[in-house]
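Undergrad:
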Amino acid sequence: MRTARFVLTRFAGMLLVLLIVTFITFVVFYLMPSDPARLACGRPCSPENLALAREFMGFDRPWYLQFTDFLGGIFAGRTFGTGAAAIHCPAPCFGYDFQNSIAVLPEIGGRIEVSFSVALGAAVIWLVTGVGLGVLSALRRGTALDRITMAGAMAGVSMPAYLAGMIGITIFAFALDMVPKNGYVPIGQSVGQWAWHLVLPWFVLAFLHAAIYARLTRGQMLETLGEDFIRTARAKGLTETKVVGKHALRNVLLPVVTVFGVDLGALLAGTVITERIFGMAGVGKLLVDGIASMNLPVLLGVTLFSALLVTFMNFLVDLGYGALDPRARLI
Amino acid sequence: MKLKAITAGLLAAAMLTACGANDQPTAQGGSVKPGGTLYLLADSPSVNWDPAKSSNLVITTLSFVHRRLTSWNVAPGKDTTIVPDLATDTGRPSDGGKTWTFTLKDNLKYNDGTPIKSADVKWGLERSFAPAFSGGLAYHKDLLSPGLAYKGPFDGKELDTIQTPDDKTIVFHLARPYGDWNWIASTPAFAPVPKGKGAEADYGNHPVTSGPYQLDKYERGKEARLGRNKFWDKATDDTRRAQADNVVFQLGQDTSVIAKRLIDNSGDDQSAFGVPFTSAAQLAQIQGSASAKARLTTSESGALAYLSLNTQRGKLTDPKVRQAFQYAVDKAAYQVASAGSAQLAGDVATTLITPGIAGREQFDLYQAPPSGDPEKAKQLLAAAGLPNGLDGLVLATHNENGFPEKAAAIQAALARANIKVTIKPLDEDTYTSEVDTKGLSDFDLTLTSWQPDFPSANSNIQPLFQSTEIGNGGVNESRYHNADVDKLITEAQATVDPAEAGRKWAELDKKILTDSPVVPLIYTRNSFLHGSKVGDVEIGKFPAYVDYRKFGLIQ
């Protein structure tokens with residue numbers, strides 16, 4: 651009962667956050683000086699043509715009506731224009747991308763596989779290496795291993811993603827010619843080729859993220875190892891493996907899980923730089939392209955999708971917290 | 023052409039002496055032969071294959087799949103001329119240029135084998151009026167339906183200013199005489215769409231094609247694959263060589279990675295052409311590689327970079343004050359700020375009409391060394407009652423593609439003549455809304471560039487200087503309003519004889535510059551990189567883009 655209530659409150663909170671994000675995004679986009687209709691106006695853009703484009707896209711209405719149009723579209727779908735050339739965006743309609751003639755939802759849907767493939771593979775690598783190296787550094791504190799790991803972590807944390815990607819691609823794809831230079835192969839087409847094309851992006855992303863986890867794990871582990879209950883565990887005669895692997899690690903993982911949930915949520919919604927450098931058409935690339943072409947419906951859609959993933963991962967983290975630490979369930 | 027032109031601003035051109043436009047094949051012992059797969063590496067994530075929604079040039083991407091009534095003949099070192107494409111000639115004007123008649127060639131077929139009829143050209147144009155399909159080049163719209171009263175064919179209405187008395191003939195009845203109508207007939211909307219088809223919004227993902235290729239596969243953000251249209255007959259097409267068997271666009275690629283791949287020149291990338299302009303940083307990289315340097319193609323000329331002076335603000339309303347700016351600027355410093363050197367940046371500009379446009383006359387009303395003549399500028403300002411110069415001017419420019427640096431060069435140059443300027447770099451949207459949309463702009467000066475959409479001086483001058491183009495998205499950024507010039511523009515547009523029209527435009531070029539609403543700076547060069555197996559990479563005098571129709575692979 652208590653667990654059910656915990657899950658329900660968290661879920662309701664998630665929906666509320668999403669609604670607020672939608673509203674804020676909408677207002678922000680509306681306040682921007684750009685006019686989405688201008689892109690559909692052509693050149694030369696006569697005032698008559700601009701007015702027609704605005705009317706067709708529904709951008710001629712006051713912003714609050716556009717907001718309710720948008721919300722209504724999620725439940726009832728939308729139709730733009732009339733007659734044989736009218737455009738239908740079936741429910742749930744999260745906007746329509748007029749530039750590319752496709753509803754935003756299927757547009758994002760068609761790119762999820764790419765973004766998830768990049769993010770999940772990288773997440774596994776960075777979680778394992780980050781936590782592993784963090785634990786090792788903590789146990790071998792002050793040794794060469796510790797110093798090298800932490801120096802590497804520093805580099806990873808401070809390096810801009812674009813630079814890391816370009817260095818990776820320059821060394822491994824161009825100079826050594828070990829991995830493909832770009833492109834994505836769907837997993838359904840060939841698992842081997844899929845992984846082969848993803849190896850470099852995975853490691854680049856993992857390098858950037860593992861650093862934080864290594865440092866976080868190391869600090870947390872050092873702190874935990876100094877706690878009384880660890881001394882007690884050791885005094886009980888438990889093996890060092892059990893002390894570290896079971897008792898200490900469980901405490902260490904609490905903050906790691908929190909950070910991981912948010913990170914993964916954000917990455918699943920598209921790895922902007924990585925997708926761009928490696929020429930992969932994921933959600934992140936969609937976002938960059940949307941910004942470049944001021945494609946507001948796409949920007950709104952991707953922002954919402956991203957918010958959904960982050961809040962959902964947070965929701966999972968909350969549940970996970972409950973499992974790792976029973977005290978969390980009381981809140 | 024503004025956005026492309028803006029991007030062009032950064033471009034530096036190659037150092038392949040004065041004219042790098044004719045590229046020599048670099049592969050030993052090979053020559054261009056039909057066949058093979060050509061790769062085009064593009065940074066843009068998508069291509070709009072729908073002719074109604076496209077603003078593509080007649081010589082680039084869409085030339086593979088769509089033919090139009092007319093086309094352009096471009097060649098290095100020569101002025102660009104108009105040639106027939108689907109039509110038998112370049113159009114026959116009558117009624118003083120108000121009526122234009124075109125006849126289609128025989129045996130024209132779509133890729134599904136059905137014949138191309140004049141009614142299809144009409145239908146394609148009608149389609150472009152439907153709000154769902156607007157967004158492409160729209161020069162035809164106001165001439166065919168003033169005020170855009172016509173809203174497209176999908177509610178059953180025809181556009182009665184276009185008549186098709188038979189399957190071969192198409193007659194346009196324009197709202198006013200227009201000498202460049204045959205140039206307009208080379209814009210994308212003049213590609214045929216089978217009558218009755220294309221009501222679906224995503225028609226562009228599976229268009230019926232009339233060019234040498236068809237769209238076999240199109241995945242936005244990833245790639246487009248073109249295969250041969252077996253119903254295309256080379257005998258009916260003088261402008262397309264269509265040498266490669268397949269053309270593959272790799273879309274949404276990072277520009278730095280494209281440059282790296284082309285410099286690296288391995289595997290399929292040997293058969294690849296880089297669509298984006300080569301940036302100044304990439305050009306510096308290329309200078310270090312003899313192989314890459316030989317595979318760089320540079321235009322002789324390009325977009326006009328210019329400083330516009332707001333003729334409706336403060337002291338700038340006085341033409342004498344504006345003329346001082348012609349001497350105050352330092353075009354040599356501008357070249358260096360653009361691309362490091364004069365050769366990389368492009369020649370100093372003194373006219374509004376860009377090289378490669380028929381009828382252009384080279385002149386210089388304000389003769390000064392490339393670095394300017396600040397003393398003369400000071401004298402002019404003093405004569406206009408400003409012995410202490412000008413203070414507090416605001417210069418708006420773009421916040422990307424090196425424009426802030428170029429604006430700084432202008433600022434420094436003007437300071438020599440006691441003209442003090444503050445720079446306001448704006449993002450594209452703010453620039454459009456603040457500079458081009460408002461009737462009265464709050465800026466004194468703007469720094470930007472312009473490349474015409476079709477090779478007529480009309481396209482150099484009318485959008486920038488007719489008073490109808492002030493505000494509302496027009497690009498008359500100097501807010502130049504001269505009733506006499508307006509009248510002369512309308513007259514020149516109505517002139518059917520190209521030679522006579524050319525003379526009128528050249529006169530306008532001089533007349534407008536006498537009023538000094540803008541200061542021409544340079545004709546900005548563009549450079550493009552390609553792999554070692556790509557041959558026949560040519561850039562004509564206009565436009566500053568490679569002619570995709572000529573590409574072939576060295577086998």
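Sequence order for the protein chains is A and B. First residue of the first sequence: 651, per the working numbering; consecutive thereafter. First residue of the second sequence: 23, per the working numbering; consecutive thereafter. All residues carry an ideal CB built from backbone N, CA and C; glycine is no exception.
Can you check whether the C-beta of residue 840 of chain A is within less than 8 Å of a C-beta belonging to chain B?
TA: no
Undergrad: On the DSSP letters alone, give me the boundaries of the beta strand (DSSP E) that residue 192 of chain B sits inside.
TA: 191-195
Undergrad: Can you list the residues of chain B that residue 695 of chain A reaches, using a CB-CB cut of under 7 Å?
TA: 495
Undergrad: Going straight from the alpha carbon of residue 88 of chain B to that of residue 145 of chain B, what length do you get?
TA: 15 Å
Undergrad: If I measure Cβ to Cβ from residue 233 of chain B and keep anything under 6 Å in the same chain, skipping five residues before and after, which residues do I get?
TA: 86, 87, 88 and 89
Undergrad: For the segment 930-950 of chain A against the segment 911-920 of chain A, are there 3 or more C-beta pairs whose distance is under 8 Å?
TA: yes
Undergrad: Along chain B, in chain order, which residues have C-beta atoms closer than 7 Å to that of residue 703 of chain A?
TA: 153 and 156
Undergrad: Residues of the segment 892-912 of chain A in Cβ contact with chain B at a cutoff of 9 Å, in chain order, please.
TA: none
Undergrad: Contact criterion: CB-CB distance below 8 Å. Does residue 29 of chain B meet it with respect to chain A?
TA: Low per-residue confidence applies at residue 29 of chain B: pLDDT is 35, beneath 50, and the placement is therefore not dependable enough to give any value.
Undergrad: Determine the chain A residues that contact residue 478 of chain B at a beta-carbon separation under 8 Å, and present them in chain order.
TA: Within 8 Å Cβ-Cβ: nothing; residue 478 of chain B doesn't reach chain A, min ~14 Å.
Undergrad: Hey, could you find the ends of the beta strand (DSSP E) residue 418 of chain B is sitting in?
TA: 412-420
Undergrad: Counting only beta-carbon separations shorter than 8 Å, does residue 546 of chain B have a partner in chain A?
TA: no
Undergrad: Using Cβ-Cβ distances below 7 Å, what residues of the segment 242-268 of chain B are close to chain A?
TA: 242, 243 and 244
Undergrad: Going by DSSP, what residues sit across from residue 59 of chain B in a beta bridge?
TA: Residue pairing for residue 59 of chain B: DSSP places it in a beta bridge opposite B:268.
Undergrad: Where do the ends of the beta strand (DSSP E) carrying residue 95 of chain B lie?
TA: 92-95
Undergrad: Ignore the nearest five residues each way along the sequence and tell me which others in residue 393 of chain B's own chain have a CB closer than 6 Å to its CB.
TA: 352 and 354
Undergrad: Going by beta-carbon coordinates alone, are residue 471 of chain B and residue 327 of chain B separated by less than 8 Å?
TA: yes
Undergrad: Applying the 10 Å Cβ sphere with the 16-neighbour rule, what's the burial state of residue 714 of chain A?
TA: exposed
Undergrad: Which of the three DSSP states is assigned to residue 503 of chain B in this structure?
TA: coil
Undergrad: List the DSSP bridge partners of residue 670 of chain A.
TA: In DSSP, residue 670 of chain A forms no bridge with anything.
Undergrad: Does residue 564 of chain B get closer than 8 Å to chain A when you measure Cβ to Cβ?
TA: Not closer than 8 Å to any Cβ of chain A, the Cβ of residue 564 of chain B fails to qualify, so no.
Undergrad: Is any beta-carbon of chain A found at less than 8 Å from that of residue 314 of chain B?
TA: no
Undergrad: By DSSP's criteria, residue 255 of chain B is part of a beta bridge. Which residues make up the other side?
TA: According to DSSP, residue 255 of chain B bridges with nothing at all.
Undergrad: Distance cutoff 8 Å, beta carbons only. Does residue 886 of chain A sit that close to anything in chain B?
TA: At a cut-off of 8 Å, the C-beta of residue 886 of chain A has no neighbouring C-beta in chain B.
Undergrad: Candidates A:825, A:847, A:773 and A:882: which alpha carbon is nearest residue 859 of chain A's?
TA: A:773
Undergrad: Would you tell me roughly how many angstroms separate the C-alpha atoms of residue 496 of chain B and residue 707 of chain A, rounded to the nearest one?
TA: Residue 496 of chain B and residue 707 of chain A have their alpha carbons spaced roughly 22 Å apart.
Undergrad: Taking the alpha helix (DSSP H) that residue 765 of chain A belongs to, which residues open and close that run?
TA: Start and end: 762-789.
Undergrad: Just to make sure I have the definition right: I need the residues of chain B whose C-beta is within less than 8 Å of the C-beta of residue 688 of chain A. Which are they?
TA: Result: 454 and 495.
Undergrad: Assign residue 125 of chain B to one of three DSSP states: helix, strand, or coil.
TA: Residue state, collapsed to three classes: strand.
Undergrad: With a CB to CB cut of under 7 Å and the five nearest residues on each side skipped, what residues in its chain are close to residue 421 of chain B?
TA: 447, 448 and 449
Undergrad: So, with DSSP's three-state summary, where would you put residue 180 of chain B?
TA: coil
Undergrad: What is the C-beta distance between residue 417 of chain B and residue 468 of chain B, in whole angstroms, given that I count them as a contact (C-beta under 8 Å)?
TA: 7 Å
Undergrad: Please list, in chain order, all residues of the same chain as residue 507 of chain B whose beta carbon is under 7 Å from its beta carbon, the five residues on each side excluded.
TA: For residue 507 of chain B, same chain residues with a beta-carbon under 7 Å away, outside a window of 5 residues either side, are 487, 530, 533 and 534 in chain order.
Undergrad: I'd like to know if residue 323 of chain B contacts chain A, where contact means its C-beta is closer than 8 Å to some C-beta of that chain.
TA: no
Undergrad: Helix, strand or coil, according to DSSP, for residue 185 of chain B in the structure here?
TA: Note: residue 185 of chain B maps to strand in three-state DSSP.
Undergrad: Are residue 566 of chain B and residue 325 of chain B closer than 8 Å when you measure CB to CB?
TA: yes
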